[in-house]
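Enquirer: Once you've had a glance at the structure underneath, I'll fire off some questions.
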Amino acid sequence: MTGRARTGVLLACAAVVLFSAWYAGSRFPSSAPAPAAGSVRLGPEPGEEVAAYQQRLPAELPAPGTTVLALVQFTTELPASAAAQAVPGTTPVTAVLRVPMPRVQTALRFEPLGEGMPVPAALDVARQRAQQQAVADAQRQSGRPAAVAAAEAGALGDPSAPCVLALLVRAERAALDAVAARPDVRAVHAAPPGVTARELAISPLLPAQVERADPLPDDAPVPS
């Protein structure tokens, strides 16, 4: 084979390789990696001063007309009916449930809310699922953790139990402003536009966290 012929063969092979790469890329386009789960925090940073946290939240609200996810944090745990009434004009997505016990650390239980259901009914279903989780925790654990979970399960068995600590909602700026002005709402922390629920790490303020977002004492007897 002459040098000219060899060069022609090499150029033809290179053209075939380039065409194959272009075809594969156009038919099977590469997708950007999905955002990391839990990469956007809603709630105070560990140890953050509560006053400073609340002061920075208005600047994080979206522009008028923009719909975002936001964490509505209540002044205290509310019954399902009261929690539903506290977020008018929004679409609740996830409930954060917690059984309050003085100086006893209890679990935060995150329950997605069923679409198409009235909010009070969806919150009641979430309460029932949280109770089932607490029963399972009590059976799986031992000692103080089992006793705490059993006490939680007992409290969550009451449909009127004050157990809704926060709600993740989807809403526009006007609705979030109205919710933030309610007396039973302690803070509204909006996620940046375009952020999905998968990307969120949710850690609401606890009612007993008055000065700093520090761990609470866990030294009291567990209620029977």
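Counting in this note's numbering, the sequence shown runs from 1291 upward without gaps.
Think of the CB as a built atom: it goes at the ideal place given N, C-alpha and C, for glycine as much as any other residue.
Looking only at its chain, what residues have a beta carbon closer than 6 angstroms to the beta carbon of LEU1382, apart from the 5 residues adjacent to it on each side?
Expert: As a working mapping, residue 1382 is identified with position 92 in the sequence shown. Correcting the residue identity first, residue 1382 is Pro in this sequence and not Leu. Excluding sequence neighbours, PRO1382 sits near LEU1403, VAL1409, LEU1457, VAL1459.
Enquirer: So, are the CB atoms of ALA1360 and GLU1489 less than 8 angstroms apart?
Expert: As a first step, residue 1360 is located in the sequence shown; it is residue number 70 there, counting from the start. As a first step, residue 1489 is located in the sequence shown; it is residue number 199 there, counting from the start. In this structure, GLU1489 does not lie closer than 8 angstroms to ALA1360 by Cβ.
Enquirer: Measuring straight from C-alpha to C-alpha, what distance separates GLU1405 and GLN1395?
Expert: Within the sequence shown, numbered from 1, the residue matching residue 1405 stands at position 115. Within the sequence shown, numbered from 1, the residue matching residue 1395 stands at position 105. For GLU1405 and GLN1395, the distance between alpha carbons rounds to 31 angstroms.
Enquirer: Which value, in whole angstroms, describes the spacing of the CA atoms of PRO1369 and CYS1453?
Expert: The residue you call residue 1369 lines up with position 79 of the sequence shown. The residue you call residue 1453 lines up with position 163 of the sequence shown. Approximately 6 angstroms, taken between the alpha carbons.
Enquirer: Could you name each continuous beta strand (DSSP E) segment of 3 residues or more that falls completely within the region 1436-1461, going from the start of the chain to the end?
Expert: Runs found: 1454-1461.
Enquirer: Reducing DSSP to helix, strand and coil, say where PRO1348 ends up.
Expert: In the sequence shown, the residue the question calls residue 1348 occupies position 58. Correct three-state label for PRO1348: helix.
Enquirer: Take the Cβ of PRO1449 as the centre, count every other Cβ of all protein chains shown within 10 Å, and call the residue buried at 16 or more, exposed below.
Expert: Taking the sequence shown and counting its residues from 1, the one referred to as residue 1449 is at position 159. The residue is exposed, with fewer than 16 neighbouring Cβ atoms inside 10 Å.
Enquirer: Out of curiosity, what's the CA-to-CA distance linking LEU1496 and THR1356?
Expert: For the purposes of this step, residue 1496 is taken as the residue at position 206 of the sequence shown. For the purposes of this step, residue 1356 is taken as the residue at position 66 of the sequence shown. Rounded to the nearest angstrom, the two C-alpha atoms are 28 angstroms apart.
Enquirer: Pick from VAL1358, ALA1436, PRO1334, PRO1513: whose alpha carbon is nearest that of GLY1484?
Expert: Locating residue 1484 in the sequence shown gives position 194, where the first residue counts as 1. That would be VAL1358, whose Cα lies nearest to the Cα of GLY1484.
Enquirer: Quick check: what's the CA-CA separation for PRO1354 versus ALA1477?
Expert: Stepping through the sequence shown from its first residue, residue 1354 is reached at position 64. Stepping through the sequence shown from its first residue, residue 1477 is reached at position 187. If you take the alpha carbons of PRO1354 and ALA1477, they lie about 19 angstroms apart.
Enquirer: Using 8 angstroms as the threshold, is the region 1372-1392 in touch with the region 1414-1421, meaning 3 or more CB pairs across them?
Expert: Taking 8 angstroms as the limit for Cβ pairs, the verdict is that the region 1414-1421 does touch the region 1372-1392.
Enquirer: How many angstroms separate the CA atom of PRO1507 from the CA atom of ARG1393?
Expert: Numbered from 1 along the sequence shown, position 217 holds the residue referred to as residue 1507. Numbered from 1 along the sequence shown, position 103 holds the residue referred to as residue 1393. Rounded to the nearest angstrom, the two C-alpha atoms are 5 angstroms apart.
Enquirer: Could you name each continuous beta strand (DSSP E) segment of 3 residues or more that falls completely within the region 1387-1419, going from the start of the chain to the end?
Expert: Whole beta strand (DSSP E) segments, 3+ residues: 1399-1402.
Enquirer: I believe ARG1502 touches GLY1337 by the beta-carbon criterion, under 8 angstroms. Please report the beta-carbon distance rounded to the nearest angstrom.
Expert: Numbered from its first residue, the sequence shown carries residue 1502 at position 212. Numbered from its first residue, the sequence shown carries residue 1337 at position 47. With a Cβ gap of about 6 angstroms, ARG1502 and GLY1337 count as contacting.
Enquirer: Between which two residues does the alpha helix (DSSP H) harbouring LEU1359 extend?
Expert: Your numbering for residue 1359 matches position 69 in the sequence shown. Not the alpha helix (DSSP H): LEU1359 falls in the beta strand (DSSP E), residues 1358-1368.
Enquirer: Quick check on the burial criterion: 16 or more other C-beta atoms within 10 angstroms. Buried or exposed for THR1380?
Expert: As a first step, residue 1380 is located in the sequence shown; it is residue number 90 there, counting from the start. Answer is buried; the Cβ neighbour count reaches 16.
Enquirer: Does DSSP classify ALA1480 as helix, strand or coil?
Expert: Mapped onto the sequence shown, residue 1480 falls at position 190. Here ALA1480 sits in strand by DSSP.
Enquirer: Taking the straight line between their C-alpha atoms, what separation do you get for ALA1451 and VAL1425?
Expert: On the sequence shown, residue 1451 is found 161 positions in, with the first residue counted as 1. On the sequence shown, residue 1425 is found 135 positions in, with the first residue counted as 1. Distance between the alpha carbons of ALA1451 and VAL1425 is about 16 angstroms.
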